[in-house]
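Residue numbers (my numbering): 65 to 661.
Heads up, the beta-carbon is just placed ideally off N, CA and C, and yes, glycines get one too.
Computed from a predicted model, the values in this text were never measured in an experiment.
To keep things clear, I will list the structure first and then write my remarks on it.
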Amino acid sequence: MLRTVKSFTHIGSNKKKKIGATKSTKKDTILETSRGALIGTEVCDTKNYLPIYRLYARIRYALPPTGERRWRKPEPLPPDWVFSDANSQPRDYRTFGNICPQLQGEYAAVDTSEWEEVVENLMHEDCLYLNIWVPAGVPRPSEGWPVQFNFPVSGTQCGDGMQQNYFDPIDIFREHREDPRVLVSANSRVGVLGYLSSEDLMKDGMDLRTRVSESAGNYGLWDLRTALQWTYDHIHLFGGNPNNITAGGSGLITALQLHYDAFQSPENRIIKRAFLYSSAISIQPDPANSYRPTRQFDEICHQLMIDTNLPSKEKVRILREVSAERLLTVVRTLELDFLPVTDGKDGFVPAWLMQSIWNGELGRRLKQRNAQVVIGDTCSERSYYEHAGRAGIATSRPSRGISSREALMSKLKTHYPRDICDELIKKYARDITDWNSVYCDIMADVQCHAPVRGFAQCLFYGGMSTQDVMRYHIAWRPKALDEWISPGLGISHVMDIPIWFYSGWRIGFSKKDKQDVLIFTRAFSKFLKGERNGGVIWGTAAEFEVRQISPNGTVLVAEDQMWARKLDVWNMLREVQKGRDTPRADSVVQGMGSQWG
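Listed below in structure tokens is the structure:
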């Protein structure tokens with residue numbers, strides 16, 4: 065069993081300050097359902113002792129992805145599963161479950177008050193659990209509360225299901241008594257266990273009759289879809305409305321989940337609305353059996369002294385016997401990150417993914433079902449990559465300086481295909497010799513600023529309006545963050561967690577700061593509720609406008625100053641990919657007939 069201790073981080077700062085108290089008490093609560101009984105935790109306000117929310121944690125949503133299930137799609141629970149224990153008594157759901165074994169950035173733990181225990185997450189491959197926060201002390205509507213399903217904000221390399229103090233939604237429940245929601249988050253496979261792929265793995269999991277592989281990659285994406293399906297099927301037991309689910313978090317993961325959902329048959333679609341934080345998708349993922357995933361797989365085999373000439377099934381069998389600890393030791397030395405792949409027939413990511421975004425088909429489908437999307441970014445994304453490069457935050461690997469055009473190319477190729485790297489270097493590295501700076505500019509644009517704008521523009525192209533696609537931009541850095549994160553880093557993704565989850569209430573936000581955040585997020589709360597026809601007053605009237613928290617904290621509608629420049633990057637990425645030999649989305653959809661609806 066691996067162990068990791070995480071808490072809110074002092075990025076680039078030597079200061080230490082305690083996370084403020086939640087000013088709450090806890091007591092046990094029992095929920096009786098048609099599937100059995102759960103012992104959860106009821107959190108009450110110390111001021112008036114009234115209940116705020118109830119938490120039910122460590123709820124299994126799929127069978128353990130261990131042994132033969134490692135590097136396979138998640139296996140759903142048997143039909144007769146129950147919440148209760150073997151003696152038909154209420155089972156304990158008061159503590160968080162295991163998180164997937166993963167590399168961690170070298171963060172400094174926060175010094176918390178004595179009563180507030182630092183969250184200690186155990187890492188184990190048996191990690192497919194979700195957590196549910198339910199409003200308490202407020203009436204439940206007849207149709208159930210709206211549901212906010214949170215994908216991990218950390219992306220594909222690391223992360224968990226909101227199992228940190230700074231994700232505690234207590235102040236969300238306090239501030240939104242008039243429009244409460246159920247919150248759900250899930251642990252899923254990440255890194256090498258969630259996104260390893262190769263031709264050998266595809267062959268190992270191939271059904272020769274259907275020609276569909278259970279081991280083509282994207283296991284973490286399948287996990288989250290399984291958790292989302294479990295939520296749809298059972299959230300009514302917790303007072304949630306299964307027909308009013310909003311899903312979001314990491315922009316990349318959300319974009320892929322939203323696309324997968326939109327191309328399901330109508331009766332299998334779950335996501336009513338989506339929110340994408342600081343990213344989307346701009347590049348078609350590599351095929352699972354292509355050079356980069358295969359190189360990664362072979363390098364792991366080489367370091368573990370597994371003969372790459374062995375038959376595929378034998379290589380995979382040996383790899384499945386390697387401990388998670390040993391795998392992480394090997395992964396720490398690798399150049400390539402573990403990313404989603406284009407995974408073949410009946411896969412999660414079709415070969416025409418980007419085509420269906422560019423030609424407006426995704427936007428058309430979302431418009432057809434009256435869906436809405438919130439998407440945006442922060443103003444200092446570049447600073448994240450500057451610091452990540454120095455500290456090795458993303459993967460805990462030693463950082464290496466980029467001293468030449470060749471070194472820049474080598475670094476970019478760990479993220480993107482060669483043809484895209486060539487065009488990026490042409491565009492960004494003309495007469496510049498500060499190659500680290502060029503790298504940070506490229507990563508900020510390709511990972512964040514360009515996809516956020518290009519993805520939104522393509523949704524507009526598909527027929528969605530500014531009432532359907534609601535764009536935001538955060539240009540405000542709360543003064544309180546200076547105690548936690550060096551002021552020179554500005555505000556980037558991850559740093560906006562205190563805004564979206566109101567954990568800023570416990571790190572020193574002033575009264576005005578809180579007011580500014582509530583003004584900004586009030587429309588987001590209405591969005592989650594599903595209010596239309598004037599219910600959501602986002603304020604934007606043109607595609608190039610954003611709802612913005614300006615540098616002084618004022619919330620206003622403004623012209624997006626990055627709109628044209630970052631769309632230029634998006635268009636360049638599209639032109640490079642357009643000539644590739646991939647099926648057109650419109651022809652694929654037409655060929656599928658009524659199955660796609």
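| Query | Result |
| --- | --- |
| Alpha helix (DSSP H) runs wholly inside the stretch 295 to 348, at least 4 long, in chain order | 315 to 326 |
| Pairwise C-alpha distance: residue 501 and residue 472 | 10 Å |
| Stretch pair the stretch 596 to 613 + the stretch 534 to 548: three plus CB contacts closer than 8 Å | yes |
| Residue 195, buried or exposed, once every other Cβ within 10 Å from all chains shown has been counted against 16 | buried |
| Under the three-state DSSP convention, the category residue 52 falls into | The first residue shown for the chain is 65 and the last is 661, placing residue 52 beyond what the model contains. |
| Residues near residue 191 by beta carbon distance below 6 Å, same chain, minus five either side | 162, 163, 164, 251 |
| Residue 353 - DSSP class collapsed to helix/strand/coil | coil |
| Nearest-angstrom Cα separation, counted from residue 362 out to residue 139 | 27 Å |
| Length at least 4, wholly inside the stretch 360 to 429: the alpha helix (DSSP H) runs in chain order | 376 to 384, 388 to 395, 417 to 422 |
| C-alpha gap between residue 414 and residue 285, whole angstroms | 13 Å |
| Beta-carbon proximity of residue 591 to residue 436, cut-off 8 Å | yes |
| Extent of the continuous alpha helix (DSSP H) to which residue 237 belongs | 234 to 239 |
| Per-residue burial, residue 396 [other beta carbons within 10 Å of its own, 16 or more giving buried] | exposed |
| Distance, residue 118 Cα to residue 566 Cα | 18 Å |
| Classification of residue 305 by the beta-carbon crowding that lies within 10 angstroms, buried from 16 upward | buried |
| For residue 288 and residue 180, the rounded distance between their alpha carbons | Residue placement at residue 180 is poorly supported in this model, since its pLDDT is 37, which falls under 50; the coordinates are not used for a value here. |
| Close-in-space but distant-in-sequence residues of the same chain around residue 127 (CB under 6 Å, 5 per side omitted) | 139 |
| Coil, strand or helix - residue 609 by DSSP | strand |
| Any 3 or more C-beta pairs closer than 8 Å across the stretch 544 to 563 and the stretch 515 to 530 | no |
| 8 Å contact criterion, which residue 508 and residue 449 should meet: CB distance rounded | 6 Å |
| Environment of residue 210 [buried if 16+ CB atoms lie within 10 Å] | buried |
| Simplified DSSP state of residue 445, which is helix, strand or coil | helix |
| Distance between beta carbons of residue 124 and residue 141, contact taken as under 8 Å | 7 Å |
| Cβ-Cβ distance between residue 406 and residue 360 below 8 Å | no |
| Sub-8 Å separation of residue 617 and residue 540 beta-carbons | yes |
| Bridge partners - residue 120, DSSP secondary structure assignment | 196 |
| Status (buried if at least 16 other CB within 10 Å, exposed otherwise) for residue 642 | exposed |
| For residue 88, three-class secondary structure by DSSP | strand |
| In DSSP terms, what residue 104 is bridged to | 93 |
| Alpha-carbon to alpha-carbon, residue 356 and residue 404 | 12 Å |
| Those residues which DSSP pairs with residue 537 across a bridge | 441, 612 |
| Cβ-based neighbour list, residue 573, same chain, cut-off 8 Å, excluding 5 preceding and 5 following | 542, 544, 562, 581 |
| Counted within 10 angstroms of its Cβ, other Cβ atoms place residue 265 as buried (16 or more) or exposed | buried |
| Any 3 or more C-beta pairs closer than 8 Å across the stretch 97 to 108 and the stretch 143 to 155 | yes |
| Through-space distance from residue 274 to residue 484, alpha-carbon basis | 34 Å |
| Segment contact, 8 Å Cβ cut-off, at least three pairs: the stretch 504 to 519 with the stretch 616 to 634 | yes |
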